Amino acid sequence: MMDLNKIYEKVSRVSDQAAVKKVTSRTTQVRFSNNAIDITNTWNEELVTVFLAQGKKTFSFDLRDERALEDTLNRAVSALKGIEENNDFVSLNDRKNSYRTKGNRDEKLRLLNPQEFVNSFIDQVKPFFKRVGGVFYSRSISEEVATPFNSGSQGQFGIEFVARAFNDKDYPVQTSFMSSSDEDFPLLEKQGEEIIDLSRNVRNIREGEEGKFNVIFTPLCFASIVSYTIPMASAFQVDSGMSMFAGRLGDRIGSSIFTMYDDPLEDSMINAKLFDDEGTPAQRTPVIEKGVVKNYLHNFSTASKFKTETTGNAGIIAPTPWQISVEPGNESIEDMVSSTKKGVMIVNTWYTRFQDYREGVFSTIPRDGIFYIENGEIKETWRSIRISDSLLNIFRNTEGITKETKKVKWWDETLPTKSPYVQVADVNISRSR
Amino acid sequence: MEEFVDRAIEYASKMGSYVETSYLSSERNTILMKNGSVSATGYSKDSGLAFRVVNSSISFASSNISDWGVIRGEIDYAVRRSKIPGRNTLSEEKSYRDSWEVAERRRIKDVPLEEKLSILKDIESLLVKEGIQMRILAINDNIEEGLIESSGGMSIRHRLPKVSFFAMLGFMEGGNFEQGTIELGYSGGYEAIDFWDLNNRVQQEAKALKKAAAAKKIPPGTYDLVAGPEISGIVAHESAGHPSEADRILGREMAQAGESFIKKEDRGMRVGSDIVNLVDDPTIEHSFGFYKYDRDGVPARKRYLYKKGLVNEFLHNRESAGRMGEKSNGASRSSEWDKEPLVRMSTTYIEPGEYTLEEMMEDVKNGIYMRSFTEWNIDDIRFNEKYVGREAYLIRNGEIFEQIKRPVIETTTVKFYSSIDAVGKDLQFSAGTCGKGDPMQGVDVWMGGPHIRLRDVYVR
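Chains as they are written, first to last, in this note's numbering: chain E, 1 to 433; chain X, 1 to 460.
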């Protein structure tokens, strides 16, 4: 096992400032497809990340084996002589900080047997579908950070579960669950019911239509949209110019009912944090508040450059979002659907790509439940459509938000996110010709 | 940790019908510049052991903790998990004992940090001179070394050095913005810089970006399309390579990257015109996805995915081949030491034909020449796809008329390949990182092809 204090002691001797982070993790994953388990993966890992600054010259390295420290450190010292100053680096956070304690309980989640849970889920949903697949993760992470000014440790245990099930017409629907809290345990047990209920909406399957539509994004789908949005609020990205947030701080870019936070204080989510990579306390940061760009995400150095305060999002090289909360509204999903004259509810989306980061012009491919609504009722189920629009349009045209939220995380498409259902007018739908 | 490989195999062999132990180490250097400033300089040596155990099901475990007690514990845990019923078929393959490496003419270890930095600074100066305002540049090298052994007697050692370059550029003029990326990769040493003709390539991209910002959209309609090698490459990768991956066809990625419009019984199905041949080949020298043996120890070879417009061969690892009752064709890869082996592409391309670019163009009355793409995506069965042109021109009466702004093609795989009526004799590759698996595994690939001509494509 690598010793953070010993490593810190050695690296701090050869630098003006050093930040050392050690992450120890144990993860079990069960992957299943077509009603059977394909593989069980386990990872038992340690990783130490070292950041060194000599004046304004900086160098980073990773360590998997403490025995490699001397060699790696010699390389780092030599590199620090040869490289140019990093004009983006000012200092690590030099204030002495103290940290909160986490409030979640996770004993029940920890006791879950992944393979048993998956097999019992398959048994539950099998009678309703032709086939089901998915993934279950249980992950325990502990993290220690040491800098010249601060040190601390934090840990988190979390469960992620995703299932995608195909009906007898081979039309898929998907459910997603993520939590670090025993309070959500009943919701995990209801994932089977949820995906069965969702499949009951599948009727009259056909190719979808082009045009402008009123779209209801489910929590999973909207989580994907905001997961592609919030990284652009990193001050690194803004500073590069490749961001729709660049030059828009304080501007109204969305509807006044839309608020989105980077929310590491939500301890029931799997990426909750006490502090960031340079020992700054984590905080809840509104990125878009009532439609207005309120904050970029900062570490100490980017905050100095932008003449503001750090938001506790180090990444020492580039600030990073931790997890997302979208502020709930007052509506119910039932009312939202029943008041829709002509629209589409979209369960999930993937393959989001941008042709213009400055204006947020993108397209993404809806999947796992595209339900066409007419006069308040689901009439058809669509496939083969694409959302081709801009994030600015989507946030500007947001017209309804439910009070009901769900915590989701799916693959690499969504960050851990708590999102309501969100209704957006005039979303541009395109398709192949 | 390599010292534990033999011991782990010896210990685990008694407890599984098939056991495999691998040690993999990746030694990486990175320099990142943002708008002229050196934002990050870094080094990492990422290494560890992984074990695959097959009994009633397949179990994969990994650890980088150099302690026999911990390693033995992980093997024991993997063995216990592998006794719970699930899928457990691997194809029967010959066990090889061999070692291989890719040669470097300019060894990565001989290139000082200062020289790598000066490569980026030259590019930076060039881009500043061209007036490109937004510039993120990175140069990376990686020396991968590995040893894999199995209870069946396989033992393969390898050394695979790689160099890669990445640029993201943004240009703004009069409120018009254009963005572009350049991705280059090479297996070998720093001779890569000459191989890529790096400075000229970046300069050409910068000039095209500036012209694109001033270009105008064309009216939507039906046009003939001449697509450059970058377009051939992305189409080959997305709509021939991915749908031919047997694990997708079997549904193993159903909850993540999805499945395939090709079904198990679809070999021989027509997907394109009879001049269309699609290849995946890991054996092309210095290609970014090069290997001699795959992650399962199966020798690499060239594969025809589509032949004369028909579905021909699937990409297999031992797991997918075993489930289909076939032999693997050596498509097993994992991105890092701690990731399970999956069915992956290497270098995927449209096989060249007989036309010159001039011959293709002269027969186009009203068309579009799309040299490169920006936004693109494809659905999870690899059938409905979209490509937005980055550098694109209007063709009138066989001549390039003017540069146009972001032409959009939304089509299907079968429609695209069926519309091809001419295939060029040139062949160029670009590099990419192909994402698949859960957790996500990004593997290095090349993709490419010649210029191709399509008739009657709807463009907006």
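Ideal Cβ placement from N, Cα and C applies to all residues, glycine included.
Predicted, not measured: the structure shown is a model, and the values here were computed from it.
Under 8 Å Cβ-Cβ, which residues of chain E neighbour X:W376?
R353
Beta carbon of E:I39 nearer than 7 Å to that of X:F51
no
Tell me, please, which residues DSSP counts as bridged to E:A53.
E:Q17, E:T58
Going straight from the alpha carbon of X:T413 to that of E:V215, what length do you get?
27 Å
Taking DSSP as the reference, what is the three-state secondary structure of X:I65?
coil
For the alpha helix (DSSP H) holding E:R75, just list the boundary residues, first then last.
69-82
Range of the contiguous alpha helix (DSSP H) that encloses X:V235:
229-236
Extent of the continuous alpha helix (DSSP H) run through E:F306
Neither: E:F306 is in no alpha helix (DSSP H) and is coded neither H nor E.
Residues, ordered as in the chain, of the segment 386-404 of chain X that lie near chain E by beta-carbon distance below 9 Å:
K386, V388, R390
Which residues mark the beginning and the end of the beta strand (DSSP E) in which E:T402 is found?
398-408
Within 8 Å of chain X by C-beta, residues of the segment 236-250 of chain E in sequence order:
F236, D239, S240, G241, M242
For X:K14, three-class secondary structure by DSSP
coil
E:N428 beta carbon less than 7 Å from that of E:K212:
yes
Just to confirm my understanding: we take X:E144, look at its own chain, exclude 5 residues before and 5 after, and list those with CB closer than 6 Å. What are they?
S26, L160
Do the CB positions of E:T285 and E:I333 come within less than 7 Å of each other?
no
What residues from the segment 201-217 of chain E come within 7 Å of chain X, judged by C-beta to C-beta, listed N to C?
none
Can you find the residues in the same chain that come closer than 7 Å, C-beta to C-beta, to X:I84, ignoring five residues on each side of it along the sequence?
S56, S57
Of the residues X:R81, X:L342, X:K307, X:E124, which one's Cα is nearest the Cα of X:G16?
X:R81
What in chain X is Cβ-close to E:I83, meaning under 9 Å?
I31, V38, T41, L113, E114, L117
List, in order along the chain, the chain X residues whose C-beta lies closer than 8 Å to that of E:Q115?
R81, I84
For X:Q133, does the three-state DSSP call read helix, strand or coil?
coil
X:M1: beta carbon under 6 Å from a heavy atom of the ligand ADP?
For the ligand ADP, the structure offers nothing, since it holds no ligand at all.
So what does DSSP say about E:P172, is it helix, strand or coil?
strand
Indicate whether the contact test is met: 3 or more Cβ pairs, each with one atom in the segment 125-135 of chain E and one in the segment 158-176 of chain E, closer than 8 Å.
yes
Nearest-angstrom Cα separation, counted from X:R252 out to E:L434
Missing from the structure shown is residue 434 of chain E; chain E here goes from 1 to 433 and no further.
Contacts that E:I225 makes with chain X (C-beta to C-beta distance below 8 Å)
Those within 8 Å of E:I225 in chain X number zero; the least Cβ separation is about 14 Å.
Under DSSP, the beta strand (DSSP E) around X:G428 begins and ends at which residues?
First, the residue type needs correcting, since residue 428 of chain X is Gln and not Gly in the sequence shown. From DSSP, the beta strand (DSSP E) with X:Q428 extends over 428-436.
Bridge partners for E:Q435 per DSSP, in chain order?
Limits of chain E in this structure are 1 at one end and 433 at the other, which puts residue 435 of chain E out of reach.
Taking E:T435 as part of the alpha helix (DSSP H), name the residues at either end of that continuous run.
The structure shown does not extend to residue 435 of chain E, since chain E is modelled only from 1 to 433, so the question has no answer here.
So what does DSSP say about E:R206, is it helix, strand or coil?
strand
Taking only three categories from DSSP, how would you classify X:P299?
strand
Where X:I381 falls: helix, strand or coil (DSSP):
coil
Quick one: residues in its chain with C-beta nearer than 7 Å to the C-beta of E:Q124, no 5 flanking neighbours on either side, listed in chain order?
G192
Suppose contacts are defined by Cβ-Cβ distances below 7 Å. Is E:I159 in contact with E:L109 by that definition?
yes
Under 8 Å from the C-beta of E:V77: neighbouring residues of chain X
Near E:V77 there are no residues of chain X at all, since even the closest Cβ is about 12 Å away, more than 8 Å.
Continuous beta strand (DSSP E) assignments of at least 3 residues falling wholly in the segment 53-115 of chain X:
58-63, 97-101
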